[in-house]
Amino acid sequence: LCLTLILRWCRGEGLDEAKALMALVPEDVEIDVIEETIQTIKCLGRVRVRGRLFHTSLNCLLVLCECKEDVPKDNAPKEVFNQDSGESWQIVTLNETKVADDFTLKLKTLLDAEGKTTDDIQGLLSSSPRPSPSPDRPANSTESILQAVGDLLEKTRKPPAEGGYRRLRLFSGNLPVPPSEEPFDHWLEQAWLMVEESDCTDKEKRRRLMESLKGPALEIAKSVREADPEASPTEYLEALESAFGSAESGDDLYFAFRLMQQQPSKKLSDFLRRLERALAKVVQRGGFPASSKDQARLEQLLRGAVASDLMLIQLRLRERKSSPPTFLQLLSEIPEVKEETASEPSAKPANVTAVGATPKTKTPNRNRQPVDEQFCYRCGEKGHFVAKCRNPENQSKVIRKKRKESTVEMGESVRVRGGWWGCDFPKVHDHLHCLLGVQVQVVVAAPGHQPGHLPPVEGLITV
């Protein structure tokens, strides 16, 4: 049976039969330990594990290995000693004696592998309609037996989910995370997806979880198995999450979700994805019901998207609070609104000459401010803008400076860009006339100077 299994296994994995062997090892042994132990046989050279299969009757793992050198046919060792456990592992190799090409022996091997007997084949032959016998073909011909074997295999075939699955990446719980491993959050998402979506049995799910763990994480899983050998895969994941996951409760995560805001240099779609990841953790920890996810996502998007007010208006999200869109709908609508905004022609501002200022010809560097006049609305310092700021954010400092600059002391004269204007400067509580231009330029006129006495300027509005 083992020889036939190796032949079929090598053919499925595409391995050279002369370089293949099979070892019978305990279930909780890791791959690197298996390779190091078998490599102690110097004649085999470097050994790599190509597949593992749990055998129910033997209660162990059948491990298919590929050797760099050809496996000796005459003097190959029958077992190898593992120093860590102090146990000997049986090794099965292909010797010179090939499996006999006899139909009876192959049929018996197949029945043993599937746990069936010849009585099962006889039952299939009696229940299935037989073709009418002919002179050239007797009733109990080889084709009838082959048909019965095919029906037997069809009934005993395992679902595809039992084999050929994508293995979970390794996770040990060590910090910092090694390059060959996944962070815990990413590994946990894949593990939950496997447990919830896979159709295999709980025993198979537990085996897949165990084979992806090592180090401290494997010790936690072993503790769960010792406490309850029939523990569900969900209990394994909950134990790992309590040991290596975040200690924040559902209420803490919900409070942090309500404080999230869009970063100035990030897109609205990036902020939406951040909200979705945080909201998923809140729901998973029980801080918020899953039925209200769309409503909470929309409310926080309107509250936290401080750098995308125009896009929120175009999406008309405030009018859709009664029927909030889903995450996928929002993710698909945001690029469409962005393209429509980019395709609209930009309105050119009208050129307005300020009162008392000399008109200037527009040059490429006309609006460029000196370095000492540049102000950063992120850190509150001068000499640079927000786009080139590398200092930490300090909104309180920004507010203090802008308030200080906007304060006009009593008795101080008013000055405009073109120079001093007017013969009688206004004081506090004086009634003034203000003219607003298209470029948001303000002209302050004293009470003795009515708009009719001002030089004619187009585009000004009396306030």
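When we follow my numbering, the leftmost residue of the sequence shown carries the number 4, and every step to the right adds one. Even glycine gets a Cβ: it sits at the ideal position worked out from N, Cα and C.
Rounded Cβ spacing between residue i and residue j (contact assumed at less than 8 Å)
i	j	result
residue 305	residue 280	The pair is not a contact, with the Cβ atoms about 19 Å apart (cut-off 8 Å).
residue 383	residue 407	Actually they do not touch by this definition, with Cβ atoms about 11 Å apart.
residue 170	residue 215	7 Å
residue 333	residue 275	6 Å
residue 24	residue 96	5 Å
residue 1	residue 28	Because the chain in this structure spans residues 4 to 466, residue 1 falls outside the shown range and cannot be described.
Residue j beta carbon less than 8 Å from that of residue i
i	j	result
residue 54	residue 16	yes
residue 260	residue 298	no
residue 50	residue 68	yes
residue 80	residue 37	no
residue 26	residue 9	no
residue 300	residue 315	no
residue 230	residue 212	no
residue 220	residue 183	no
residue 318	residue 336	yes
residue 217	residue 178	no
Neighbourhood of residue i by C-beta distance below 7 Å, restricted to the same chain and skipping five residues each side
i	result
residue 264	307, 309
residue 284	256
residue 277	263
residue 388	377, 379
residue 205	235, 236
residue 329	297
residue 292	none
Nonlocal neighbours in the same chain, by C-beta distance under 8 Å from residue i, ignoring five residues either side
i	result
residue 71	22, 47, 48, 49, 50
residue 83	26, 40, 41, 43, 44, 91, 92, 94
residue 479	The question about residue 479 has no answer, for the chain in this structure spans 4 to 466.
residue 1	Outside the displayed range of the chain (4 to 466) lies residue 1, so it cannot be described from this structure.
residue 135	Note that residue 135 has pLDDT 49, beneath the 50 cutoff, so the model's placement of it is unreliable and the number below is only indicative. Answer for residue 135: no residue qualifies.
residue 181	175
residue 210	30, 57
residue 13	19, 20, 23, 67
residue 191	240, 243, 244, 248
Contacts around residue i, its chain only, beta-carbon distance under 6 Å, and the 5 residues preceding and following it disregarded
i	result
residue 397	382, 383
residue 56	65
residue 432	With a pLDDT of 49 at residue 432, under the threshold of 50, the predicted position of this residue should be treated as unreliable, and no value is reported.
residue 123	none
residue 290	253, 254, 256, 257
residue 327	297, 298, 301
residue 19	none
residue 311	271
Legend entry - Any 3 or more C-beta pairs closer than 8 Å across the stretch 71 to 81 and the stretch 26 to 35: no
Inset, instruction - Count the CB pairs spanning the stretch 226 to 242 and the stretch 269 to 277 that are closer than 8 Å, and state whether there are at least three. - result: no
Inset, instruction - Examine the Cβ distances between the stretch 175 to 193 and the stretch 242 to 259 and report whether three or more of them are shorter than 8 Å. - result: yes
Legend entry - the stretch 220 to 227 in contact with the stretch 251 to 259 per 3-pair CB rule at 8 Å: no
Legend entry - Minimum length 4: unbroken alpha helix (DSSP H) runs contained in the stretch 182 to 245: Along the length of the stretch 182 to 245, whole alpha helix (DSSP H) runs at least 4 residues long occupy 187 to 200, 205 to 214, 219 to 230, reported in chain order.
Legend entry - Runs of beta strand (DSSP E) lying entirely within the stretch 41 to 74, each at least 3 residues, in chain order: 50 to 58, 63 to 70
Inset, instruction - Enumerate, from N- to C-terminal direction, the unbroken alpha helix (DSSP H) stretches of 4 or more residues contained entirely within the stretch 262 to 327. - result: 271 to 287, 296 to 307, 312 to 318
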